[in-house]
Amino acid sequence: MDNHLTELNIQQREAVTCINGPLMIIAGAGSGKTKVLTTRIAHLMASGVDAFNILALTFTNKAALEMKERIEKILNITEVRNLYIGTFHSVFARILRVEAAHLGYPNNFTIYDTDDSRSVLKTIINELDLDDKHYKPSVIHNRISAAKNALMSPVEYNNDYYIQQEDIKTKRPAIGQIYKTYTDKCFKNGAMDFDDLLLKMHELLKNHPDVLHKYQYKFKYVLIDEYQDTNPVQYQIAKLLAATHENICVVGDDAQSIYSFRGATIENILQFKKDYEDVKIIKLEQNYRSSQTILNAANKIIEHNKNQIQKLLWTENKEGEKIKLVRTMTDNDEGKFVANTIQEKKLRNHYYNNDFAILYRTNAQSRAFEESLRRMGIAYRIYGGMSFYQRKEIKDLLAYLRVVVNPKDEEALKRIINYPARGIGKTTIEKCLTIANEQNTSMYNVLQHAAEHGFKASALESIQNFVTMIRYFQSMLSNTNAYNFAVQVGKHTNIVKELFNDKTTEGLARYENIQELLNSIKEWTEMPSNEDGELGDKSLGSYLQQITLLTDSDNDKEEGDTVKLMTIHAAKGLEFACVFIVGVEEMLFPNVMSINTREELEEERRLFYVATTRAKEKLWLTYANMRYRFGQLVQNEPSRFLQEIPAEYVDKSYAGVGARNQEAENVNRKFRTVEDNFEYNDIKKNSKSQTWNYKQQGKSQPSSYVANNPTRTKNIQHIPSSNFTPSDTSNLKIGQQVEHQKFGFGSVIKIEGSAHNPIATIQFELSGEKKIMLNYAKLRMVE
DNA sequence: GATTGCGCGATTTTT
DNA sequence: TCGCGCAATC
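Counted from 1, the first sequence has number 190 at position 193 by this note's numbering; the numbering is strictly sequential.
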């Protein structure tokens, strides 16, 4: 332990060893923040603090995991397991699971992700007969989220004059009503959304002194990472938890606060000093990451912000190269320049793809870079986009698990009640919902007593079969672990089989995704737990709660050597040898949406600061004269931020129009043959099946690109035989060979549905299993 | 039930 | 431009 202390500088050591009382660490970019936090926790334990009494809150699972791993290197593993390290959301979810009854919630409450929340809102908006084009669920959700993060209840929302005026101005006066209905509905469904995890935690501590005391006593030491990004609820919770012992240590950097649009406020940093009289403040100002040039430039940039805590980052690192400013004609040229330059640097300076990051302000900018990297055969990976758990097939299977665990979960129920199709159509579902509303009960409860509600015979039978199935699952749940259970559900519902039979590229990917999900459940089931019951809960309910809080990157197994493409937001906390900040233009960066107030502009500047400080050795700033935006060619001025960097740190020789990417283009030409060899290597390194991380659902376009993949195929379209004439299918039999104009040849494996609307399930040779409505589809019987 | 076609809208987003 | 969501078709 002691030798870990010797590795620290004076300020870092002080931050680690000063264990009692309130402490605020202002940690500049690259100043060894994580090192300090982890060493501090290790030091606490070495000083005799029990792991069970330490709570460390982070913003991302990734940060939590990294901390855990680092502490494990210092301490033994069992001890680390007993620590409470996690995101605000995941830690609170665990506590709420234990304490749910105090709030009238079931232990197995569902956690709604953003999609679920929006879907609930959409239902409500339609029920209230409002126009969902004007009352867009995403907009409403943001508004409600903001209210929750500011600790504002629906009642307070509706009584707030200023808020009401705002909503009237935007012609959305019903938001308050929607908020109220939404809250009620979530409660009825036994569900909490992301914001509720914070809000309910606060409510729990605020209204239940016994519970508050329990956790105050338990968490004698509280640590909070990325403090500049906390919002008012998180702030209040931290304050409550730390009130007895006041052993609270927060780490943050006001200059890196970039999430104010999500309710985060730097106020919390300023308020901290007021809340705790004897607060100790330590500044970490030595930067271990960047070259002097890069760091000096960053310092100069952030100086333009009025609102900030004074500090000056310095480094002992080498001066390094100047920052290269690059102007290109178009956005496509920008893409080419970056790809060419990466190629050049790889060859000349022996960098790996992993050393490069391309950072942009908006996701839409990624395309030009994807194209040029692909053309050059450079393996890359895009971060952001659809997460694994948002995929349809994953959500479908999870929805079954959710309903079994919490039958009140209406969102999940609606998702699976007729998937795979089992004859419970729209009308039946509508009717259930109406009855549930009238009787103020859950939809599942209506299904359970369907016989009393006068459904027609066929619908009633389908419903009863469905309920029987769910009951069967529920009884199974008590006899087996989460993994076996999930496998059984997949089998029993035919979901797995259906995907298995779909031989299209997308179908294959979906099948693999399901397998991946099952694997992850298995892994989770087998993961060792701590000595404390709360973290050792291996039930399915506990799994579902934690899974919702995971994001894409949490599944991210290190995969190959790739150039990283991501938004600047996503890059926070990361570092790369070589960084390209692209699209450094007015209207883009700073973004048009954020140039109206000083606050907005300063946040954009902090964003630019964050981007700059990601670079260790080399930094390029690029901008284009013209680029396509929303299909229109627009001309942009270079960003105002560029002028904020003193000329002495910048190499402008690439910024002249004529000179633009000549050098890189020459290099490119010269090394073309070598490049092809590289391409081959990239394929090999990167061609392990990457089944998720697709940018958009259903598209077979992996965001991690495999160079010139020869196996990539378009779906083969069937060309109908010349003698194709539709047959009369009224007495189609199982086993009959048929031809479909599009799907090709196949054989009938099942016929269901009513007499006037028969549905045949046909196994096609090329297209997999399909359900065909015989009234519409043209089928030719093959002799 | 599943596929095609049109119209619309389009920052950032740790959970 | 491009992707999606919903309505019209098979």
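We put the CB at the ideal spot given by N, CA and C, even for glycine.
Backbone CA spacing between residue i and residue j [nearest angstrom]
i      : j      : result
Asn458 : Asn442 : Looking at the sequence shown, residue 458 is not Asn but Glu. Taking the straight line joining both Cα atoms gives about 16 Å.
Ala90  : Ile339 : 43 Å
Tyr508 : Phe497 : 6 Å
Asn186 : Thr107 : 8 Å
Phe184 : Glu599 : 39 Å
Lys203 : Asp129 : 36 Å
Glu282 : Ala24  : 7 Å
Thr178 : Ile141 : 11 Å
Gln471 : Ala98  : 21 Å
Ser539 : Tyr218 : 25 Å
Leu148 : Leu80  : 29 Å
His205 : Leu356 : 46 Å
Ser684 : Lys303 : Residue placement at Ser684 is flagged as unreliable, the pLDDT there being 26, under the threshold of 50; a coordinate-derived value is accordingly withheld.
Ser114 : His138 : 7 Å
Val735 : Phe482 : 38 Å
Closest residue to residue i among the options (Cα-Cα distance)
i      : options                        : result
Asn146 : Ile234, Ile518, Lys730, Leu209 : Ile234
Thr490 : Leu394, Ser472, Lys561         : Leu394
Phe627 : Asn337, Pro635, Leu585, Lys277 : Leu585
Tyr256 : Phe385, Arg378, Phe56          : Phe56
Gln461 : Glu76, Ile421, Leu430, Glu427  : Ile421
Val857 : Ile245, Gly487, Phe353         : As shown, the chain starts at -2 and ends at 780. That puts residue 857 outside it, with no answer to give.
Asn293 : Gln629, Thr609, Leu515         : Thr609
Phe334 : Ile578, Phe49, Tyr109          : Ile578
Gln543 : Glu4, Leu80, Asp110            : Asp110
Leu370 : Lys561, Lys519, Gly173         : Lys561
Tyr469 : Gln362, Val486, Tyr176, Asn360 : Val486
Gln174 : Ser150, Tyr159, Lys166         : Ser150
Trp521 : Tyr232, Asn510, Lys535         : Lys535
Gly332 : Glu367, Ala361, Asn350         : Glu367
Own chain, CB closer than 8 Å to residue i, minus 5 neighbours either side, in chain order
i      : result
Ile71  : Met(-2), His1, Thr35, Thr36, Ala39
Pro635 : Arg324, Val581, Glu582, Glu583, Tyr620
Tyr606 : Ala26, Ala252, Gln253, Ala295, Ile298, Ile299
Cys15  : Lys277, Ile279
Ser439 : Lys185, Asn186, Pro404, Lys405, Glu407, Ala433
Pro103 : Ala97, Gly187, Asn403, Lys405
Thr477 : Gln485
Residue i, DSSP secondary structure in three states
i      : result
Val589 : helix
Ala24  : strand
Val219 : strand
Ile71  : helix
Ala704 : Unreliable positioning characterises Ala704 in this predicted model, as indicated by a pLDDT of 32, which lies under 50. A coordinate reading is not provided.
Tyr441 : helix
Arg140 : helix
Ile278 : strand
Ser384 : coil
Arg626 : strand
Phe49  : helix
Tyr256 : coil
Leu309 : coil
Asn296 : helix
Arg412 : helix
Ala448 : helix
Leu125 : coil
Ala785 : For the chain, the structure presents residues -2 to 780; residue 785 sits outside this window and is missing.
Phe56  : coil
Val335 : helix
Beta-carbon contacts of residue i that lie in its chain and below 7 Å, excluding the five residues immediately before and after
i      : result
Ser254 : Gln225, Asp226, Ala261, Ile263, Arg603
Glu792 : Since the first residue shown for the chain is -2 and the last is 780, residue 792 is missing from the structure and cannot be characterised.
Tyr625 : Asp328
Ala60  : Asp222, Gly570
Lys782 : The chain is shown only over -2 to 780; residue 782 falls outside these bounds and no answer can be derived.
Lys682 : At Lys682 the pLDDT is 27, less than 50, meaning the model places this residue with poor confidence and gives no usable figure here.
Cβ neighbours of residue i in the same chain (closer than 6 Å, five flanking residues each side left out)
i      : result
Leu546 : His86, Ser87
Tyr273 : Pro19
Val464 : Leu444, Gln445
Query raised in the report: Are at least three pairs of beta-carbons, each pair with one atom in the stretch 633 to 650 and one in the stretch 302 to 309, less than 8 Å apart?
Result: no
Report task. Report yes or no: do the stretch 154 to 166 and the stretch 187 to 194 share at least 3 C-beta pairs separated by less than 8 Å? Result -> no
Query raised in the report: Quick one: any contact between the stretch 394 to 406 and the stretch 418 to 432, if contact means 3 or more CB pairs under 8 Å?
Result: no
Report task. Decide yes or no for the touch test of the stretch 204 to 211 against the stretch 115 to 130: beta carbon pairs closer than 8 Å, at least 3 of them. Result -> no
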